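Residue numbers (this note's numbering): 198 to 264.
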């Protein structure tokens, strides 16, 4: 199981998995905007792949959000 560590100044704290999951759920943001989704209705498969492949395997969060 992965370990998540919060580093602030000189201190380090091992974060409980529940806190990590809560952070991920709270800072989630969609990979696509509503406009991009609407654009897909008129797009070809090649256009969709060109847009979606760079986002493959990404988990989108707000890195500036403080715990």
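Every residue, glycine too, gets a C-beta built ideally from N, C-alpha and C. Given the structure is predicted, the values throughout are model-derived calculations rather than measurements.
So residue i packs on residue j, CB below 8 Å; how close in whole Å?
i: residue 232; j: residue 248; result: Not a contact, Cβ separation roughly 12 Å.
i: residue 209; j: residue 218; result: The pair is not a contact, with the Cβ atoms about 20 Å apart (cut-off 8 Å).
Just the C-alpha distance for residue i and residue j, rounded to the nearest angstrom, thanks.
i: residue 216; j: residue 245; result: 35 Å
i: residue 220; j: residue 241; result: 36 Å
i: residue 229; j: residue 212; result: 30 Å
i: residue 237; j: residue 226; result: 19 Å
i: residue 206; j: residue 255; result: 29 Å
Name the residue from the options whose alpha carbon lies nearest to the alpha carbon of residue i.
i: residue 214; options: 235, 252 and 222; result: 222
In the DSSP assignment, the alpha helix (DSSP H) including residue i goes from what residue to what residue?
i: residue 224; result: 214-224
i: residue 238; result: Run containing residue 238: none; DSSP gives neither H nor E here.
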